[in-house]
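Scroll down for the structure; my scribbles are underneath it.
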Amino acid sequence: MLEIVRPSLLALLMMFIVPSSALGSEVLPEHQAHRMEPVQFHFEAWSRATPGAVRTAAVFGTLTNGSQHAVSIHPVGADIAERIMVHDTVLEDGMMRMRHQSALHLDAGESLILKPGGLHLMLTGLHASVKKDEQFEVTLAISTSKHSDHEESGRIEEMVTLVRVLEVGSMGPGAAVTTGDLKGADRRSSRIDHQQHH
């Protein structure tokens, strides 16, 4: 009798056992669907030397999102300044003003140029003047999204990039320097554009 019951009981138990290989094939695709590859992000950054007692500076350059996901970029800090913000230059009532933005947004595969007279990272409360040929560090927080509506997924990575300092009035690597009273122009720009933040 025992010899008949054992095979029957074993067969019954086997009906409720799922092979580990079969279970893995069911779970793995769902797991992979929520995975996101490491952020492929590049920032070719530069800044201008600051004349005299000016205590503000700006960071320009090209941001490139090489990943398959939209990203939001939040400035975290700079080792030469007390504060860093995203600013856009807008014309209001005949005057150029700085408009604060909480973050920069790039879709998958998109590049964004930060340039004088447009979007840039604003540094305030410089610890010292910024001199040509120096370098300083800027830290950015990059949050990823699965969709182009820039709703953040909660995954955040920090990136530290080196910013090269060009001469006063420079328009970028390889570009001609702006003419005129460069020192005076930089002082006026700092006073007019950013006075609301002091």
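The numbering used here applies: residue 4 is where the sequence shown begins, and numbers increase by one. For glycine and all other residues, C-beta sits at the position ideal for the given N, C-alpha and C.
Member of Phe-139, Pro-176 and Glu-161 whose CA lies at the smallest distance from the CA of His-130: Phe-139
Extent of the continuous beta strand (DSSP E) run through Glu-160: Per DSSP, Glu-160 belongs to the beta strand (DSSP E) from 159 to 169.
Gln-138 - partner residues in DSSP beta bridges: Arg-167
Buried versus exposed, by CB contacts within 10 Å (16 or more), Gly-112: exposed
Best match in Ala-56, Gly-64, Asn-68 and Ala-52 for proximity to Thr-147 [C-alpha to C-alpha]: The option with the nearest alpha carbon to Thr-147 is Asn-68.
Beta-carbon contacts of Ser-203 that lie in its chain and below 7 Å, excluding the five residues immediately before and after: Lying before the first or after the last residue shown, residue 203 is absent from the chain, which here runs from 4 to 201.
Thr-142 versus Ala-106 - alpha carbon distance: 13 Å
Whole-Å CB distance - Met-125 paired with Thr-59, under 8 Å assumed: 7 Å
Bounding residues of the beta strand (DSSP E) (the contiguous stretch that carries Ile-116): That run of the beta strand (DSSP E) goes 114 to 117.
Exposure label - His-123; buried when at least 16 CB within 10 Å: buried
Option nearest Lys-135 by Cα separation, candidates Pro-176, Asp-96 and Leu-109: Pro-176
Neighbourhood of Ala-36 by C-beta, 8 Å cutoff - its chain only, sequence neighbours within 5 removed: The predicted model places Ala-36 with a pLDDT of 34, which falls under 50 and marks its position as unreliable; any figure quoted below should be read in that light. Cβ neighbours of Ala-36 beyond the five flanking positions: none.
Distance CB(Glu-137)-CB(Val-163) smaller than 9 Å: no
6 Å CB neighbourhood of His-45 in its chain, flanking five on each side removed: Thr-67
Pick from Met-99, Val-133, Trp-49 and Gly-97 that is closest to Ala-84, judged by C-alpha positions: Val-133
Buried versus exposed call for Ala-178 [16 or more other C-beta atoms within 10 Å across all chains shown]: exposed
DSSP-derived helix/strand/coil call for Val-74: strand
CB contact flag (Ile-76, His-108, <9 Å): yes
Selection from Gly-120, Gly-80 and Ala-81 that minimises the alpha carbon distance to Met-98: Gly-120
Boundaries of the beta strand (DSSP E) in which Thr-65 is found, first to last residue: 59 to 68
Identity of the residue in Trp-49, Val-166 and His-72 nearest Asp-158 by Cα: It should be noted that the sequence gives Arg, not Asp, for residue 158. Taking only the C-alpha atoms, the option nearest Arg-158 is His-72.
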